[in-house]
Amino acid sequence: MSPDEAVSDIFECRRCGDCCRGYGGTVVDQADIRAIAAYLDMTPERIRSRYCVLSGTRPVLTQQPNGYCAFWDRLCTIHPVKPRMCRDWPFIRSVLVDVANWRIMAGLCPGIRTDISDGQIIACVKEKIRTAS
Ligand code: SF4
Ligand code: SF4
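The number in my numbering is simply the position in the sequence shown, starting from 1, with 4 added.
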């Protein structure tokens, strides 16, 4: 089984948008802001002032009154340049810290399968992080 097949075996996005609502916002770094700015033909400063607020010291994307990310409109309107945090989900390091996090995340994301072994989850997350770096 190839790594890609293994990944698709344990996660398949249903495009429900649940991960684009609430949860304290989407953290963005300078590379994310530059990519979004180029995609929207705006300056990075404009993206920061219009679409970001600080959470502590880190910029996060603003949310609409309904709780959805500023860039959500029945789908992600910046999909080709969506922030690293959105691209990585649900293959994140906290799953390697405690695999139980995978099953907790599944309560928030219907695309995450749970009827699989911890070993398969860890192997897939490791492989996805390795190939994303
Ligand atoms: S909550 Fe999960 S299934 Fe729904 S859009 Fe987000 S990643 Fe996809
Ligand atoms: S940038 Fe796109 S994928 Fe990320 S939270 Fe906003 S709408 Fe969702």
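C-beta atoms are modelled at their ideal positions from N, C-alpha and C, and glycine is treated no differently.
Note that this is a predicted model, so its numbers are computed, not measured.
beta-carbon residue i near ligand 2 non-hydrogen atom, thresh 6 Å
i	result
C221	The question about residue 221 has no answer here: the residues shown for the chain are numbered 5 through 137.
Alpha-carbon spacing of residue i relative to residue j, whole angstroms
i	j	result
V129	R97	8 Å
R134	Y43	27 Å
V85	V103	28 Å
I126	A136	15 Å
D45	G123	44 Å
M5	F15	Because M5 sits at a pLDDT of 49, beneath the cut-off of 50, its placement in the model cannot be relied upon, and the following sentence gives the value as read from the coordinates. M5 and F15: Cα-Cα distance of roughly 15 Å.
I108	G28	17 Å
P63	I116	27 Å
Residue i Cβ short of 6 Å to ligand 1 heavy atom set
i	result
P87	no
D102	no
D119	no
Reference residue i, options the options, closest by Cα
i	options	result
D139	V99, R19, A74 and V57	Any property of residue 139 remains undetermined from this structure, which presents the chain solely from 5 to 137.
T30	N70, V99, R91 and M109	R91
Q67	A39, Q124, R25 and T47	R25
C113	V101, F95 and D45	F95
Cβ-based burial, residue i [other Cβ within 10 Å; buried from 16]
i	result
D119	exposed
A35	exposed
Handout entry: Cβ pair count under 8 Å reaching 3, the stretch 17–26 against the stretch 75–92
Key = The stretch 17–26, when compared against the stretch 75–92, does touch it at the 8 Å Cβ threshold.
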